[in-house]
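Asks: Sharing a structure below in structure tokens format, with a few things to ask.
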Amino acid sequence: MPARLLDGSLSRIAPISVFVALCLIGNSWWTIHNISQLVDATLWVERTSSIQLDVARIETDLVNAETGQRGYVLTGQPEYLEPYHAGIRYAGRRMEVLRELAAYDPDLVQRLDALDAAVQSKFAEMRTVIRLMESRGQLVAQQSIAAGQGKAIMDDVRQIVEAIYRSVAADLQNKTTQVAHARTSVLLALTVFVLGTLTLIGMLYLTSRRELVRKAKDAAEIAQYAQSLKGSMSELRRERNEVQSLIEAAGYMQSCDSISELVRLLKPTLEQLFSGFSGHVYLHAASRNRLDGVVSFGGAAETAPMAPTDCWALRRGQDHLYTLDNGAPACTHCGGHHAEVLCVPLIAHGDTIGLLMLMRQDLKSEGNSGIDIEDARRLSHMVGTQLALTFANLKLQDSLRQQAITDPLTQAFNRRYLDAIGDKILAQANRFNQHLAVAMLDVDHFKQYNDLHGHIAGDHVLTSVAQFMQTHIREADWLFRYGGEEFLIILQGSSAQSAREKLDAMREAIAGLKFTNADIVLPGVTVSIGCAFYPEDETGLLELIHLADEALYRAKAAGRNRVCLHQSETISVASKSNIVSIAAEA
Numbered sequence: 207m208p209a210r211l212l213d214g215s216l217s218r219i220a221p222i223s224v225f226v227a228l229c230l231i232g233n234s235w236w237t238i239h240n241i242s243q244l245v246d247a248t249l250w251v252e253r254t255s256s257i258q259l260d261v262a263r264i265e266t267d268l269v270n271a272e273t274g275q276r277g278y279v280l281t282g283q284p285e286y287l288e289p290y291h292a293g294i295r296y297a298g299r300r301m302e303v304l305r306e307l308a309a310y311d312p313d314l315v316q317r318l319d320a321l322d323a324a325v326q327s328k329f330a331e332m333r334t335v336i337r338l339m340e341s342r343g344q345l346v347a348q349q350s351i352a353a354g355q356g357k358a359i360m361d362d363v364r365q366i367v368e369a370i371y372r373s374v375a376a377d378l379q380n381k382t383t384q385v386a387h388a389r390t391s392v393l394l395a396l397t398v399f400v401l402g403t404l405t406l407i408g409m410l411y412l413t414s415r416r417e418l419v420r421k422a423k424d425a426a427e428i429a430q431y432a433q434s435l436k437g438s439m440s441e442l443r444r445e446r447n448e449v450q451s452l453i454e455a456a457g458y459m460q461s462c463d464s465i466s467e468l469v470r471l472l473k474p475t476l477e478q479l480f481s482g483f484s485g486h487v488y489l490h491a492a493s494r495n496r497l498d499g500v501v502s503f504g505g506a507a508e509t510a511p512m513a514p515t516d517c518w519a520l521r522r523g524q525d526h527l528y529t530l531d532n533g534a535p536a537c538t539h540c541g542g543h544h545a546e547v548l549c550v551p552l553i554a555h556g557d558t559i560g561l562l563m564l565m566r567q568d569l570k571s572e573g574n575s576g577i578d579i580e581d582a583r584r585l586s587h588m589v590g591t592q593l594a595l596t597f598a599n600l601k602l603q604d605s606l607r608q609q610a611i612t613d614p615l616t617q618a619f620n621r622r623y624l625d626a627i628g629d630k631i632l633a634q635a636n637r638f639n640q641h642l643a644v645a646m647l648d649v650d651h652f653k654q655y656n657d658l659h660g661h662i663a664g665d666h667v668l669t670s671v672a673q674f675m676q677t678h679i680r681e682a683d684w685l686f687r688y689g690g691e692e693f694l695i696i697l698q699g700s701s702a703q704s705a706r707e708k709l710d711a712m713r714e715a716i717a718g719l720k721f722t723n724a725d726i727v728l729p730g731v732t733v734s735i736g737c738a739f740y741p742e743d744e745t746g747l748l749e750l751i752h753l754a755d756e757a758l759y760r761a762k763a764a765g766r767n768r769v770c771l772h773q774s775e776t777i778s779v780a781s782k783s784n785i786v787s788i789a790a791e792a
């Protein structure tokens, strides 16, 4: 029923709407016509005003030029001619503009031609006076001015200008009246147009209501779509922030120089990335039979080592998600007290090097404050890849660094590292006023040992002797393989007496070592040791090594298997008594 009433109303107002629309069209034509007349009259007024202004400027330029000319005649200073030259430059341009503006009126063009001729005559008269001033002097130039020719020409210019003003002023008054009438007509037409438009809007109101109802429905659908789009944008923004945070964290991780430094960095980084989760990072031990926890974050307690078989992710080589309702088995190492547990193996270059474990115990208390498990799963893949690569690179760097400074056979520091660190050790001793003992150790008759038992046995003996010495010196002391069967020992903070006792005890212990290789019992070896002291003997490392080497030479010359101190006592195994070394004075 309401729909039929609405249709009837529309059928009644339709003819009226057409009539009003036709009236508006006619009124629009009338408005456009009046506006066109108003624009034309306004342009004419502007053009006439421009003519008056340019004529006045020409007169002003002429007066200024004459003033400059007379100033030059009176003072003789060329600077006064600047208005004259400017007038010449501008007069021609202004006349061209005036002819274009006055092209509609032939009479006005004739007056402008007369004005142009008078202006040129005036400039010619001024030019003559200036030349007289330059050629015959000031008095002649003043007499020429006093003759009155210039004044007569200027009076003609003023008469012509006045005639142009009168002609233009009359036309300007008429056009001004036309502009006023056209403005009134335009205002009236606009008033009619506005009233007609308001009437038409009122008639079309009922029709618009139906369209508005339809648009309101569409708007509701659009709002729903906008809400969905807003959620998607929020998700994209969050993912972008996650990627940005991951890129920043990756930059810090890749800048770490050691695994210990990386471990210190990981705790705050993982807490920021995995908000609402706690967890651990495990690394495989060198034996590959267990994983040690290196990082605990998000309030997780320190964890005990775990076996690789305790985790389904390590068994299957892919991430493993356990929740209370997904039916997946729980890993043995997580304890079964968490609502969600995600394990991600850390794999780099095809090798599993560790495990990233995320866990959340109470979904109600923490679920709203952190990311959900699916977001954490997606992010953990990126983090796990970066972590695995970083750990693998750092392990490789540690391995290369260790290979660069250690002897591959004996695992003692090599001579290259001695060259790099030796001066620092000496500088530290000097700074803290410490004593140093530099001992050169050589395995006796090692060439014959190699020839008799083979190089494999010789290498085994060298390795065993080096390992024994490494375990029987302090952490502050240094062991270097100097070359072949020679080793260099630096004892920090040791006096001559203390160093002699330590070295002699080591010599005796090495002489008593038993060696077996491939179930073959090898004979024992003895060592000879030469020792020099800082700062008693020398203050340079190379000099100390040289003195220790000389002492070693004396020990071998005295029968081997003994400790010889530089200009000090030599301890003999055979006699167990002190003898004086005299080879240094030879």
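According to the working numbering, the stretch in the sequence shown is residues 207 to 792, in order. In this text, a Cβ means the ideal position worked out from N, Cα and C, and glycines have one as well.
Verify whether the separation of the beta carbon atoms of isoleucine 257 and leucine 321 is less than 8 Å.
Replies: no
Asks: Ends of the beta strand (DSSP E) at methionine 339?
Replies: Element bounds for methionine 339: not the beta strand (DSSP E) but the alpha helix (DSSP H), 312-341.
Asks: By DSSP, does histidine 772 sit in helix, in strand, or in coil?
Replies: coil
Asks: Is there contact between the stretch 621-637 and the stretch 687-702, where contact requires at least three CB pairs shorter than 8 Å?
Replies: yes
Asks: Could you check where the beta strand (DSSP E) with arginine 687 kicks off and where it finishes?
Replies: 684-689
Asks: Under the assumption that glycine 485 contacts leucine 476 (Cβ atoms under 8 Å), give the Cβ distance between them as a whole number of angstroms.
Replies: 7 Å
Asks: If I'm right that leucine 606 touches serine 670 with Cβ under 8 Å, what's the distance once you round it to whole angstroms?
Replies: So it is not a contact: roughly 26 Å between Cβ atoms.
Asks: Would tyrosine 740 and valine 644 be called neighbours here (beta carbons separated by less than 8 Å)?
Replies: yes
Asks: Histidine 526 and alanine 534: beta carbons closer than 8 Å?
Replies: yes
Asks: Among Ala610, Ala554, Phe483 and Gln609, whose alpha-carbon lies nearest the alpha-carbon of alanine 582?
Replies: Phe483
Asks: Does the Cβ of tryptophan 235 have 16 or more other Cβ atoms within 10 Å, making it buried, or fewer, making it exposed?
Replies: exposed
Asks: Just to check my reading of the structure: methionine 202 and leucine 668 have Cβ atoms closer than 8 Å, yes? What is that Cβ distance to the nearest angstrom?
Replies: Summary: the structure shown does not reach residue 202, with the chain confined to residues 207 through 792, and so no result is reported for it.
Asks: Secondary structure at phenylalanine 480, three-state DSSP: helix, strand or coil?
Replies: coil
Asks: Taking the alpha helix (DSSP H) that asparagine 636 falls in, what are its first and last residues?
Replies: According to the DSSP assignment, asparagine 636 belongs to the alpha helix (DSSP H) that extends over 621-637.
Asks: Going by alpha carbons, who is nearest to isoleucine 579 out of Leu479, Ala663 and Arg446?
Replies: Leu479
Asks: Pop quiz: isoleucine 366 and arginine 317 are said to be a contact at Cβ under 8 Å. What is the actual Cβ separation, rounded to whole angstroms?
Replies: 6 Å
Asks: Looking at the secondary structure, which residues open and close the alpha helix (DSSP H) in which threonine 870 lies?
Replies: The question about residue 870 has no answer here: the residues shown for the chain are numbered 207 through 792.
Asks: What do you get for proline 289, buried or exposed, if any count of 16 or more other CB atoms within 10 angstroms of its CB means buried?
Replies: buried
Asks: Leucine 497 and phenylalanine 597: beta carbons closer than 8 Å?
Replies: no
Asks: Return the chain-ordered ranges of every beta strand (DSSP E) run that is complete within the stretch 696-733 and spans a minimum of 3 residues.
Replies: 721-723 and 726-728
Asks: Does the beta carbon of phenylalanine 686 sit closer than 8 Å to a beta carbon anywhere in chain D?
Replies: Judged by its chain identifiers, the structure shown contains no chain D, having just a single protein chain.
Asks: Specify, as a first and last residue, the run of the beta strand (DSSP E) that alanine 643 falls within.
Replies: 642-649
Asks: Along the chain, which unbroken stretches of the alpha helix (DSSP H) at least 4 residues long are found entirely within the stretch 500-566?
Replies: 518-522
Asks: With C-beta atoms as the reference, is glycine 293 less than 8 Å away from leucine 259?
Replies: no
Asks: What does alanine 738 pair with, by DSSP beta-bridge criteria?
Replies: Residue pairing of alanine 738 in beta bridges, as defined by DSSP: Val644.
Asks: Whose C-alpha, out of Asp531, Arg687 and Val547, is nearest the C-alpha of alanine 618?
Replies: Arg687
Asks: If we ignore side chains and look at the alpha-carbon of each, how far apart do lysine 423 and serine 414 end up?
Replies: 14 Å
Asks: Tell me the rounded alpha-carbon separation between glutamine 344 and isoleucine 264.
Replies: 28 Å
Asks: How is histidine 666 classed by DSSP in three states: helix, strand or coil?
Replies: helix
Asks: Give me the DSSP bridge partner(s) of phenylalanine 693.
Replies: Leu647 and Arg687
Asks: For leucine 268, which of helix, strand or coil comes out of DSSP?
Replies: helix
Asks: If you draw a straight line from the C-alpha of leucine 694 to the C-alpha of alanine 754, how long is it?
Replies: 9 Å
Asks: Quick check: the Cα distance between tyrosine 591 and phenylalanine 638, rounded to an integer number of angstroms?
Replies: Inspection of the sequence shows that residue 591 is occupied by threonine rather than by tyrosine. Cα to Cα, threonine 591 sits roughly 47 Å from phenylalanine 638.
Asks: Helix, strand or coil, according to DSSP, for histidine 490 in the structure here?
Replies: strand
Asks: Which residue comes first and which comes last in the alpha helix (DSSP H) that contains asparagine 495?
Replies: Unbroken run through asparagine 495: none, as it is neither H nor E.
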